[in-house]
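Trainee: From first to last, the protein sequence lines stand for chains A, B and C.
Quick note on the working numbering: the first sequence kicks off at 1 and runs consecutively.
Quick note on the working numbering: the second sequence kicks off at 1001 and runs consecutively.
Quick note on the working numbering: the third sequence kicks off at 2001 and runs consecutively.
Backbone N, C-alpha and C define an ideal beta-carbon position, used for all residues, glycine too.
Being a predicted model, the structure only gives us computed values, none of them experimental.
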Amino acid sequence: METVEITCPDQVFLDKLDRELKIEPKDWMPEPYRQTLIRQISQHAHSEIVGMLPEGNWITRAPSLKRKAILLAKVQDEAGHGLYLYAAAETLGISREKMYQQLHNGKAKYSSIFNYPTLSWADIGAIGWLVDGAAIMNQVPLCRNSYGPYARAMVRICKEESFHQRQGFEILLTLSRGTPQQRAMAQDAVNRWWWPSMMMFGPPDASSPHTQQSMRWKIKRFTNDELRQKFVDICAEQATILGFSLPDPLLKWNATTGHFDFGPINWDEFNQVINGNGPCNKERLDARRKAWDDGEWVREAAEAHAAKQKTKAAAA
Amino acid sequence: MHTDWPLWEVFIRSKQGLDHKHVGSLHAADAQMAIENARDVYTRRMEGVSIWVVQSSDIHASNPDDAESLYDPANDKAYRHPTFYDLPDELRHM
Amino acid sequence: MQTMPASLLPDTTIINTNARISYVLYLADNALILGHRNSEWCGHGPALEQDIALSNIALDLLGQARHLYQYAAELYNQLNPSAPVTEDHLAYLRDVRDFRNCLLAEQPNGHWGQTVLRQFFFSCWQYYFYQQLQHSNDTQLQAIAIKSLKEVTYHLRWSSEWVIRLGDGTAESKTRMQQAAADLWPYTHELFQPAAFEQEAVSAGYGVTPGSIEKDCLGRIQHIFSEATLSVPVTQPGLHSGGKTGVHTEHLGFILAEMQFLQRAYPGSEW
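#1: For Thr-2245 (chain C), tell me which candidate among C:Leu-2008, C:Tyr-2023, C:Phe-2254 has the shortest Cα-Cα distance.
#2: Counting only C-beta atoms, is Asp-27 (chain A) closer than 7 Å to chain B at any point?
#3: Could you give the distance in angstroms between the alpha-carbon of Met-1001 (chain B) and the alpha-carbon of Gln-2126 (chain C)?
#4: Provide the residue span of the alpha helix (DSSP H) that contains Trp-2162 (chain C), from first to last.
#5: At 3 residues or longer, and completely inside the segment 1003 to 1034 of chain B: list those beta strand (DSSP E) runs for me, N to C.
#6: Between which two residues does the alpha helix (DSSP H) holding Val-1054 (chain B) run?
#7: Are the beta-carbon atoms belonging to Leu-1958 (chain C) and Ala-69 (chain A) less than 7 Å from one another?
#8: Nearest to Ser-207 (chain A) by CA position, among A:Met-185, A:Asn-271, A:Met-154, A:Lys-312, is which residue?
#9: Comparing the CB of Ala-291 (chain A) with every heavy atom of the ligand MG, is any distance shorter than 6 Å?
#10: Using 7 Å as the limit for Cβ to Cβ distance, is Gln-76 (chain A) near chain C?
#11: How should Tyr-2076 (chain C) be labelled, buried or exposed, when 16 other C-beta atoms within 10 angstroms of its C-beta is the threshold for buried?
#12: Whose Cβ in chain C lies nearer than 7 Å to the Cβ of Gly-56 (chain A)?
#13: Less than 8 Å between the CB atoms is what I'm expecting for Glu-1036 (chain B) and Trp-2158 (chain C), so what's the real figure, rounded?
#14: Any beta-carbon of chain A closer than 7 Å to the one on Gly-1024 (chain B)?
#15: In this structure, what does DSSP give as the bridge partners for His-1060 (chain B)?
#16: Would you list, in chain order, the members of the segment 2188 to 2201 of chain C that have their beta-carbon closer than 8 Å to a beta-carbon of chain B?
#17: Would DSSP call Glu-2198 (chain C) helix, strand or coil?
#18: So, using beta-carbon positions, are Asp-1040 (chain B) and Asn-2056 (chain C) closer together than 7 Å?
#19: List the residues of chain C whose Cβ lies closer than 9 Å to the Cβ of Trp-1005 (chain B), in chain order.
#20: Looking only at its chain, what residues have a beta carbon closer than 8 Å to the beta carbon of Asn-138 (chain A), apart from the 5 residues adjacent to it on each side?
#21: Count the other CB atoms within 10 Å of the CB of Ala-2201 (chain C); is the residue buried (16 or more) or exposed (fewer)?
#22: Would you mind giving the Cβ-Cβ distance between Ala-126 (chain A) and Val-75 (chain A), rounded to the nearest angstrom? I have them listed as a contact below 8 Å.
#23: Between Ala-108 (chain A) and Ser-42 (chain A), is the Cβ-Cβ spacing less than 7 Å?
#24: If you reduce the DSSP assignment to three classes, tell me which class Ile-59 (chain A) lands in.
#25: Taking Asn-145 (chain A) as part of the beta strand (DSSP E), name the residues at either end of that continuous run.
#26: Out of C:Met-2177, C:Ser-2123, C:Leu-2027, C:Ile-2221, state which residue places its alpha-carbon closest to the alpha-carbon of Thr-2153 (chain C).
#27: If distances are taken between C-alpha atoms only, which option among A:Ile-171, A:Gly-278, A:Ala-122, A:Lys-218 comes closest to Ile-113 (chain A)?
#28: Which same chain residues, not among the five before or five after Asp-233 (chain A), have their C-beta less than 6 Å away from its C-beta?
#29: Asp-10 (chain A) to Ile-94 (chain A), Cα distance in whole Å?
#30: Please work out which residues of its chain come closer than 7 Å, Cβ to Cβ, to Leu-250 (chain A), disregarding the five sequence neighbours upstream and downstream, and give them in chain order.
#31: Given that Glu-2161 (chain C) touches chain B, what residues does it touch there, using C-beta distances under 8 Å?
#32: Count the other CB atoms, across all protein chains shown, that sit within 10 Å of the CB of Asp-286 (chain A); report buried if there are 16 or more and exposed otherwise.
#33: Pair every Cβ in the segment 2036 to 2053 of chain C with every Cβ in the segment 55 to 62 of chain A, then say whether three or more of these pairs are closer than 8 Å.
#34: Starting from Trp-253 (chain A), trace the beta strand (DSSP E) in both directions and tell me its first and last residue.
#35: Roughly how many angstroms lie between the CA atoms of Cys-2102 (chain C) and Ala-2073 (chain C), to the nearest whole one?
#36: Between the Cα of Asn-115 (chain A) and the Cα atoms of A:Cys-280, A:His-46, A:Gln-101, A:Glu-170, which residue gives the shortest distance?
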């Protein structure tokens, strides 16, 4: 008879991570892992839902029927993505309603980028190219994160997102080949969205408190700075195809590092926006709260009707 | 405090002849709404030809702690697999 | 200062004197304007799942509108090949008086109950209408009807269920729905009153007699309302009509101002 080895659950958990096995909802997991996931997934879900608003602004003003259909489908996809993510977070024992509460009372964060206004049609192009581009950069590695439901949601999301960045690039390309007014409109949009997009990767590694732990847990696969550099390298090249400049005088190819150097990011602005003082924080949260409050009687009525039907079915 | 509509698990048959496969979950007030929501949420890109929904609270799952006793015993029953049997090469159609 | 080349604007005389183009535009405008209204909900629905559902309906309607505008443009260009138009010219460069959509489609969204009820009335009409249009002797209209009917069948089912749910839900939801029914009902009547271009369409064999589907529509509405424990409002004929001849409510002007802004501000540009 072999001796029975007593393994503590923590060891089993870490062992699974090392063997690249997924953690599933009913598996034992350390409480901080659960809490980190809830925080990260719900933030991600909120970002999708709040992110519908700046682009949604332009659905009714899209300049052609084709663009209107594409934009509506794209914003609708974001609702779907929010939904997949909320569902993934729910497997960790938090309700969607609770997450909404945290969003509505300002406790939960979402991506700061969505607190900037969409001022022209070209912003829809710039968001697709830069914001979705940055999001995809963040999201592709998340398809391999250690939590099964989150990883599966991300696979679905990445599959659906693949057209989002392309449609943005195509909008900008069309504008860059258009009238001088259209070119100016597009360059202005790129100028306004560039730095906020750079901030989407989060604070620099040196001041990112959760990075090391999240990497150990395989929730995160690359650091903020690694992903940001990748983003800069790709965008710098794509900008030349579009014929637009990026608003960074220090942006320059560095043959030694094999990467583009870039100028300092205004982290003060980032912190201001994250802490609620961005240009549209109030509008965004007000819109979300209003949608929720206005919908209350509808949700109640649907439930009341379902209860009546159940009673009827039971009596029959 | 008002609560969410109940949670439902969604299973979709992606094409005729295949099994239904779990694709995700959603909230709905009743089964009818759950099917329609599943159609709107999970088949926007022609992913399905048939939908099942099951209220999540009705699903009973095995306990991951029982995994060893439930699944390991099947490990040493190699004779259940066709490759276990050593048959002459000239034998055809078996 | 750049000025709009005159040829960009569709020639309304051609449209107004051609019954077939008018007819196709009537159907196109209906779908576009209601789709536009529904799309205003995107991001603001009462539940994420329903936000997605209504956007799907908006996308279906927008798709129908595009097929119809493309066909109208084809008809128009046959008559006026020197200054051809596209679906976008027809959607973005006609003014209020040239739009032919029914008044129901342009009514504001109001609350969720008003939106689903507006959808129910409209889908109910569209359902019976497209069923008939499948027998049109115009093969293009026939094909559009066959394709659209699949979508509309779902819209009708979805909106019927919501009417029932909210009618037979809570006391509050019932009150709201009964009020919404009273507000919207007067706008349903015009759908069954034939405009001149419809009469021509019927005699030429490509159109549907509007009055011929009224009984079926009313029957369906009565059935769903009774399940919803709502009462069907009393008819007030004739007061709210004119959409088909371009006499709209004030709402349409604002819809077009928003929708057409870019095409008007930057004329002749590619987007």
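Mentor: In terms of the structure at hand:
#1: Position 245 of the third sequence, counting from 1, holds the residue named residue 2245 (chain C). Among C:Leu-2008, C:Tyr-2023, C:Phe-2254, the Cα nearest to that of Thr-2245 (chain C) belongs to C:Tyr-2023.
#2: For the purposes of this step, residue 27 (chain A) is identified with residue 27 of the first sequence, where counting begins at 1. Answer yes: the Cβ-Cβ gap between Asp-27 (chain A) and chain B drops below 7 Å somewhere.
#3: Along the second sequence, read from residue 1 onward, the residue named residue 1001 (chain B) stands at position 1. Along the third sequence, read from residue 1 onward, the residue named residue 2126 (chain C) stands at position 126. Only weak support exists for where Met-1001 (chain B) lies, its pLDDT of 45 falling under 50; the value from the coordinates is given anyway. Taking the straight line joining both Cα atoms gives about 41 Å.
#4: Working through the third sequence from its first residue, we reach residue 2162 (chain C) at position 162. From DSSP, the alpha helix (DSSP H) with Trp-2162 (chain C) extends over 2139 to 2167.
#5: 1007 to 1013, 1020 to 1027
#6: Position 54 of the second sequence, counted from the first residue, corresponds to residue 1054 (chain B). Element bounds for Val-1054 (chain B): not the alpha helix (DSSP H) but the beta strand (DSSP E), 1050 to 1055.
#7: Lying before the first or after the last residue shown, residue 1958 (chain C) is absent from chain C, which here runs from 2001 to 2271.
#8: Here residue 207 (chain A) is taken as the residue at index 207 of the first sequence, counted from 1. Nearest of A:Met-185, A:Asn-271, A:Met-154, A:Lys-312 to Ser-207 (chain A), Cα basis: A:Asn-271.
#9: Annotation note on the ligand MG: not contained in the displayed structure, which lists no ligands.
#10: The residue given as residue 76 (chain A) occupies position 76 in the first sequence. Yes, because at least one Cβ of chain C sits closer than 7 Å to the Cβ of Gln-76 (chain A).
#11: The residue labelled residue 2076 (chain C) in the question sits at position 76 within the third sequence. Buried: at least 16 other Cβ atoms inside 10 Å.
#12: As a working mapping, residue 56 (chain A) is identified with position 56 in the first sequence. Near Gly-56 (chain A) (Cβ distances below 7 Å), the residues of chain C are Cys-2042, Gly-2043.
#13: Stepping through the second sequence from its first residue, residue 1036 (chain B) is reached at position 36. Stepping through the third sequence from its first residue, residue 2158 (chain C) is reached at position 158. With a Cβ gap of about 6 Å, Glu-1036 (chain B) and Trp-2158 (chain C) count as contacting.
#14: As a position in the second sequence, residue 1024 (chain B) is number 24, starting the count at 1. Residue contact with chain A for Gly-1024 (chain B): present (Cβ-Cβ distance below 7 Å to some residue of chain A).
#15: Here residue 1060 (chain B) is taken as the residue at index 60 of the second sequence, counted from 1. Looking at the DSSP assignment, His-1060 (chain B) forms no beta bridge with any residue, so it has no partner.
#16: none
#17: Translated into the one-based positions of the third sequence, residue 2198 (chain C) becomes position 198. Glu-2198 (chain C) falls in the helix class under three-state DSSP.
#18: Sequence index remark: in the second sequence, residue 1040 (chain B) carries index 40 (1-based). Sequence index remark: in the third sequence, residue 2056 (chain C) carries index 56 (1-based). Contact: yes.
#19: Within the second sequence, numbered from 1, the residue matching residue 1005 (chain B) stands at position 5. Within 9 Å Cβ-Cβ: Ala-2047, Glu-2049.
#20: Residue 138 (chain A) sits at position 138 when you count from the first residue of the first sequence. Hits under 8 Å: Met-200, Phe-201, Leu-227.
#21: Within the third sequence, the letter at position 201 stands for residue 2201 (chain C). Ala-2201 (chain C) should be labelled buried.
#22: For the purposes of this step, residue 126 (chain A) is taken as the residue at position 126 of the first sequence. For the purposes of this step, residue 75 (chain A) is taken as the residue at position 75 of the first sequence. With a Cβ gap of about 16 Å, Ala-126 (chain A) and Val-75 (chain A) do not count as contacting.
#23: Translated into positions along the first sequence, residue 108 (chain A) becomes position 108. Translated into positions along the first sequence, residue 42 (chain A) becomes position 42. The answer is yes: Cβ separation under 7 Å.
#24: Here residue 59 (chain A) refers to the residue found at position 59 of the first sequence. Secondary structure at Ile-59 (chain A): coil, using DSSP grouped into helix, strand and coil.
#25: The residue given as residue 145 (chain A) occupies position 145 in the first sequence. No beta strand (DSSP E) holds Asn-145 (chain A); DSSP gives it neither H nor E.
#26: Here residue 2153 (chain C) refers to the residue found at position 153 when the third sequence is read from its first residue. Minimum Cα distance to Thr-2153 (chain C) is reached at C:Ser-2123.
#27: Numbered from its first residue, the first sequence carries residue 113 (chain A) at position 113. Ranking A:Ile-171, A:Gly-278, A:Ala-122, A:Lys-218 by Cα distance to Ile-113 (chain A) puts A:Gly-278 first.
#28: On the first sequence, position 233 is the one that residue 233 (chain A) refers to. Counting only Cβ-Cβ distances below 6 Å, and skipping sequence neighbours, we find His-259, Phe-260.
#29: As a first step, residue 10 (chain A) must be located in the first sequence, where it is residue number 10. As a first step, residue 94 (chain A) must be located in the first sequence, where it is residue number 94. Whole-angstrom Cα-Cα distance: 22 Å.
#30: Against the first sequence, residue 250 (chain A) aligns to sequence position 250. So the list reads Asp-261, Phe-262, Gly-263, once near-sequence residues are dropped.
#31: Counting from one through the third sequence, the residue named residue 2161 (chain C) turns up at place 161. Within 8 Å Cβ-Cβ: Gln-1032, Met-1033, Glu-1036.
#32: By one-based count along the first sequence, residue 286 (chain A) stands at place 286. Answer is exposed; the Cβ neighbour count stays below 16.
#33: Proximity of the segment 2036 to 2053 of chain C to the segment 55 to 62 of chain A meets the contact definition, three or more beta-carbon pairs being nearer than 8 Å.
#34: For the purposes of this step, residue 253 (chain A) is taken as the residue at position 253 of the first sequence. In this chain, the beta strand (DSSP E) harbouring Trp-253 (chain A) covers 252 to 254.
#35: Here residue 2102 (chain C) is taken as the residue at index 102 of the third sequence, counted from 1. Here residue 2073 (chain C) is taken as the residue at index 73 of the third sequence, counted from 1. Cα to Cα, the separation comes out at about 21 Å.
#36: By 1-based counting over the first sequence, the position of residue 115 (chain A) is 115. Taking only the C-alpha atoms, the option nearest Asn-115 (chain A) is A:Cys-280.
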